[in-house]
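As structure tokens, the structure follows; a few thoughts come after it.
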Amino acid sequence: MNQLNLSSPSERCWNTIGVSGDRACPELLEMIHCRNCPVYAQAGRSLLEREIPANYLLEWASSLAEEKIEQTAGTLSVVIFRLGQEWLALSALLFQEITQVSSVRTLPHRSNQIFQGLVNIRGELQLCISLRDLLGIGQVAATSTTHQMAYQRMVVVQSQKSSWVFPVDEVYGVQRIHPDDIRNLPATLSNAKDTYTKGIINWQNHSVNYLDDELLFYTLNRRLL
């Protein structure tokens, strides 16, 4: 099949002497409209059958990749959870599992206010701690025990080779945030919770303490292992 040179004005006759031009084409008397003309039909086939430029797909792939990067570049994923009335966040990369509350086996001469004992997670005994006590977060009197227990969970976090389990009162889930949205702590704060906080996240009208996981794991490894 001969290919039309659509870059040539003479080959785009529908724009010059056809229905989009001055209608001087003698074939219009019979064809009525350019779309009924074999020249117009061949031009359409030529457009469909022409080879895609070598860099066309690459340009589109690059464009889509850049758009995705712009949407996610610099953002980080955190898991937001609650202890008492305090909303906290840790990097989502640390979380291995979120499960129902299980009974904790205390260890004689080892269990204390922070180290609670061992808990069975899928047949494996894991070290269980009280993050609430480590951070100095007080208990809150519940108006409904049933309502309180409905949201309680145990979470399993891991950093390098250290794995820890701790109970929480509620898990909201994963949230994407941008580092620019993390505010610095006021210099006047000095309680235990703020010691382990590297920034404050504004989330749903709450101030969420974004915890310093490196300091947190360092303290647990040093004090309990």
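Residue numbering for the sequence shown follows our numbering, starting at 2 and increasing by one per position.
Note that the Cβ used here is the ideal one computed from N, Cα and C, for glycine as well.
Where residue i sits in the DSSP three-state scheme
i	result
L186	coil
Q161	coil
T228	Residue coverage of the chain in this structure runs from 2 to 226, which leaves residue 228 outside it and unanswerable.
V120	strand
P39	helix
N210	strand
P109	coil
R24	coil
I70	With a pLDDT of only 48 at I70, under the threshold of 50, the placement of this residue in the model should not be trusted; the figure read from the coordinates follows. I70 falls in the helix class under three-state DSSP.
Option nearest residue i by Cα separation, candidates the options
i	options	result
I178	S131, S78, L221, Q86	S78
F167	H34, S208, Q114	Q114
Y152	A193, V102, N192, D182	V102
V80	Q86, L94, Q161	L94
A193	I183, L212, R184, Q176	L212
D181	K162, E171, D170, I202	I202
N222	F116, T107, W88, L84	F116
V172	I122, N121, A90	A90
R184	S21, C26, K199	K199
V156	G174, G139, N206, V40	G174
I99	G139, R133, Q86, D170	D170
N37	A25, W15, L216	W15
L136	A44, L217, S47	L217
Bounding residues of the alpha helix (DSSP H) (the contiguous stretch that carries residue i)
i	result
R223	214-225
A29	The sequence given here places Leu at residue 29; Ala does not occur at that position. 29-32 is the span of the alpha helix (DSSP H), which, as asked, contains L29.
Cross-strand partners of residue i (DSSP beta bridge)
i	result
W15	For W15, which the question treats as bridged, DSSP gives no partner whatsoever.
A90	I81, Y211
S76	Looking at the sequence shown, residue 76 is not Ser but Thr. Answer is none; T76 lacks a bridge partner.
R154	V169
N192	Note: N192 sits in no beta bridge, so no partner.
Limits of the unbroken beta strand (DSSP E) element including residue i
i	result
E125	125-130
G174	171-178
Q97	96-100
Task: Three CB pairs or more closer than 8 Å across the region 154-168 and the region 118-133 - done: At 8 Å Cβ cutoff, the stretches touch.
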